[in-house]
Amino acid sequence: MPRHFDHAPGLCERPDTETDQYRLNHTMVRIKDPERSLDFYTRGLGMRLIRRLDFEDMQFSLYFLGYLGEAEAASVPGDDAKRTTFNFGREALLELTHNWGDEEKPDLQFHSGNEEPKGYGHIGITVPDVYSTAERLERLGTEFVKRPDDGNMKGLAFVKDPDGYWIEILQADTLERLGRA
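Under this note's numbering, think of the first position of the sequence shown as 694, with each following residue one higher.
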């Protein structure tokens, strides 16, 4: 098997045309306290809350967050049905799922996937400057798993969100060298 799958079958090949309209819409993580999590993702990481859906009968809420420029944010429909279609027609959103009452359970914790048994790993956020972003997150009191110059992989950081999920902070133009290892 090639070292980095450089020549692996299917690499950058045209997928089946029946999948042309498929998109990665969202990734879901469970959260304990929506106020803390929304603050982290909106104020800390600059995402916007695009859609909130409450399911009263089942006692849970969904919060869909993503990155929108000013013009795109201004075009988000106000009508509920159209806003839902807008939400589910986008790519790469983060869905935070809150089961009502979880914030009242002091011992409740979610598995980050980075402890045994390992599984889910992290969410990746691309930023223009990893170092200034790390400094900003430090000022906001964010917990770091790895700072940009720690370890062998320089120029990327890992932080934890309020529920312990890892967020990779990376800068696209500094990772080119990693692909040539």
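Using N, Cα and C, we set each Cβ at its ideal position, and we do this for glycine too.
Point to revise | Buried/exposed call for R744, threshold 16 Cβ in 10 Å | key: Residue numbering aside, residue 744 sits at position 51 when the sequence shown is read from its first letter. When all chains shown are included, R744 counts as buried.
Review point. In three-state terms, what does DSSP make of E836?
Key: For the purposes of this step, residue 836 is taken as the residue at position 143 of the sequence shown. Looking at E836 - three-state DSSP - the assignment turns out to be strand.
Review point. Are the Cβ atoms of E836 and V852 separated by less than 8 Å?
Key: Within the sequence shown, numbered from 1, the residue matching residue 836 stands at position 143. Within the sequence shown, numbered from 1, the residue matching residue 852 stands at position 159. For E836 and V852, yes; Cβs fall inside 8 Å.
Exercise for review: Go through its chain and collect everything with a Cβ distance to M694's Cβ below 7 Å, but skip five positions before and after it.
Suggested key: To locate residue 694, count along the sequence shown from 1; it is residue 1. The predicted position of M694 is uncertain, since its pLDDT is 44 and thus under 50; a value taken from the coordinates is nonetheless stated next. Within the same chain, M694 has no close Cβ partners at all.
Review point. Cβ atoms of E765 and H815: under 8 Å apart, would you say?
Key: If you number the sequence shown from 1, residue 815 lands on position 122. If you number the sequence shown from 1, residue 765 lands on position 72. Their beta carbons are not under 8 Å apart, which means H815 does not touch E765 by this criterion.
Exercise for review: Take Y867 as the anchor and find which of L849, G834 and P708 has the nearest alpha-carbon.
Suggested key: Looking up residue 867 in the sequence shown gives position 174. For the sequence presented, residue 867 should be read as Thr rather than Tyr. Measuring from the Cα of T867, the nearest candidate turns out to be L849.
Review point. Of the residues W793, V823, R723 and L786, which one's Cα is nearest the Cα of R716?
Key: The sequence position of residue 716 within the sequence shown is 23, counting from 1. Considering only alpha carbons, the answer is L786.
Check your understanding: How many Å lie between Q864 and K725 at the Cα?
Key -> As a working mapping, residue 864 is identified with position 171 in the sequence shown. As a working mapping, residue 725 is identified with position 32 in the sequence shown. Whole-angstrom Cα-Cα distance: 29 Å.
Exercise for review: With DSSP collapsed to three states, give me the class of A785.
Suggested key: Locating residue 785 in the sequence shown gives position 92, counting from the first residue. In this structure, A785 counts as coil in the three-state DSSP scheme.
Exercise for review: Could you check if S768 is buried or exposed, using at least 16 other CB atoms within 10 Å of its CB as the buried criterion?
Suggested key: For this step, residue 768 is matched to residue 75 along the sequence shown. Classification of S768: exposed, given that the 10 Å Cβ count is below 16.
Practice item. Please classify L830: does DSSP put it in a helix, a strand, or coil? Key: Residue 830 sits at position 137 when you count from the first residue of the sequence shown. It is helical.
Review point. Roughly how many angstroms lie between the CA atoms of L761 and M740, to the nearest whole one?
Key: On the sequence shown, residue 761 is found 68 positions in, with the first residue counted as 1. On the sequence shown, residue 740 is found 47 positions in, with the first residue counted as 1. In a straight line, the C-alpha of L761 is about 8 Å away from that of M740.
**Study point:** E788 beta carbon less than 8 Å from that of M721
**Key:** Numbered from 1 along the sequence shown, position 28 holds the residue referred to as residue 721. Numbered from 1 along the sequence shown, position 95 holds the residue referred to as residue 788. In this structure, E788 lies closer than 8 Å to M721 by Cβ.
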